[in-house]
Amino acid sequence: MAARIIDGKAVAASLRAEVAAGVAAFKAETGAVPGLAVVLVGEDAASQVYVRNKNKAAEGAGMRSETIRLPAHASEAALLDVVARLNADPGTDGILVQLPLPAQIREGAVIEAIDPAKDVDGFHPVNVGRLWLGQEALAPCTPTGVMRLLAASGTALRGAHAVVVGRSNIVGKPMAQLLLRADCTVTIAHSRTRDLPALARSADVLVAAVGRAEMVRGDWVKPGAAVIDVGINRVPGAAGKDRLVGDVHHAEAAAVAGAITPVPGGVGPMTIACLLENTLKAARARRGLVRRA
Ligand code: GUN
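Set out below in structure tokens:
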């Protein structure tokens with residue numbers, strides 16, 4: 319039987335509508351609207367598209383959104399100045415510095431300069447620590463989106479074996495923690511893992527976040543498993559045009575899995591919806607409207 323396709327576009331649209339309603343309630347309560355600031359250094363084409371989409375989605379949900387652009391040769395000090403100004407600005411609830419940054423700027427220094435209460439990416443060590451301690455935290459958007467997709471697909475998590483392939487700070491590590499919180503037994507696998515296909519085949523929930531096109535093949539998938547494909551890879555397609563594929567060989571895996579996300583239209587749309595949710599959450603927390611641990 320072919321796998322159910324988990325429709326990320328639909329789940330994201332419903333989350334965006336939920337956030338828009340939350341923004342309206344926030345406005346009624348406080349007279350203000352949540353503000354998101356996105357900082358983009360340089361001209362990277364993919365980053366430009368992401369940043370435009372983030373702003374459009376924020377405005378679509380009724381938030382205030384601004385983009386601060388710095389040239390590719392900007393110094394670390396110049397970027398830290400921008401972060402300091404946004405930290406001090408009462409109208410800015412969420413700050414997102416688009417990664418990757420140019421080589422002359424230390425990513426860690428910039429992330430640590432962001433006020434943890436405004437860190438809607440959930441990358442600051444304070445938020446990472448809170449997440450791992452099981453405390454209330456701003457959690458990274460992509461793994462949060464994956465959890466929502468698993469919930470929407472009706473995947474049972476308690477006691478399930480979840481294998482996360484990839485150990486990045488943005489996806490793999492926080493993904494493992496969120497699955498652990500949901501009572502999965504979690505294995506984090508990576509490029510040095512021995513016999514990765516056999517390990518993957520033992521997963522009830524398989525999350526691929528490695529950035530290697532179609533690495534996960536059909537015979538890596540346990541029959542009936544939920545397969546979440548976080549990858550977005552450009553590969554040469556027909557007629558000289560690029561085509562987007564995930565980290566999973568979709569056709570092969572879909573023949574074996576119980577449920578699977580497509581690329582595009584799976585995890586991708588969820589990331590921005592969760593960013594909006596984090597921005598509303600930060601805005602509420604900053605005004606004491608919700609409990610912070
Ligand atoms: N670059 C790729 N993914 C992300 C993300 O989730 N947040 C930021 N800030 N940059 C990214």
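Residue 518 in the numbering used here sits at position 200 of the sequence shown; the count goes up by one each step and never skips. Even for Gly, the Cβ is constructed at its ideal location relative to N, Cα and C. In this text, all values refer to a predicted model and were calculated from it rather than measured experimentally.
- DSSP places A575 outside both helix and strand once states are collapsed to three, so it counts as coil.
- Distance from the Cα of I550 is smallest, within the candidate group P541, G472, A531, R535, for A531.
- E361 and I386 have their alpha carbons spaced roughly 12 Å apart.
- Contact between V539 and A575 is confirmed by a C-beta separation of about 5 Å, below the 8 Å threshold.
- Beta-bridge analysis with DSSP links E570 to no other residue.
- In this structure, the straight-line span from the alpha carbon of A431 to that of V359 is close to 16 Å.
- Relative to the non-hydrogen atoms of ligand 1, the Cβ of V585 never comes closer than 7 Å to any of them.
- Distances from the CB of I324 to the heavy atoms of ligand 1 are all 7 Å or more.
- Here the segment 328 to 336 makes contact with the segment 581 to 591; the two share three or more CB pairs at distances below 8 Å.
- In this structure G412 is buried. Its beta-carbon is surrounded by 16 or more other beta-carbon atoms within 10 angstroms.
- A distance of 8 Å or more separates the beta carbons of V545 and A527.
- Restricting attention to A421, G452, A600, the CA atom closest to the CA of P434 is found in A600.
- Under DSSP, I386 forms a beta bridge with V357.
- By the Cβ neighbour-count rule, L456 is buried, with 16 or more other Cβ atoms within 10 Å of its own.
- For K372, same chain residues with a beta-carbon under 8 Å away, outside a window of 5 residues either side, are L354, V356, S383, L414, I590, L593 in chain order.
- In the three-state reduction of the DSSP assignment, D437 falls in the strand class.
- By the criterion of a C-beta distance shorter than 8 Å, S486 is surrounded in its chain by A527, once the five residues flanking it on both sides are discounted.
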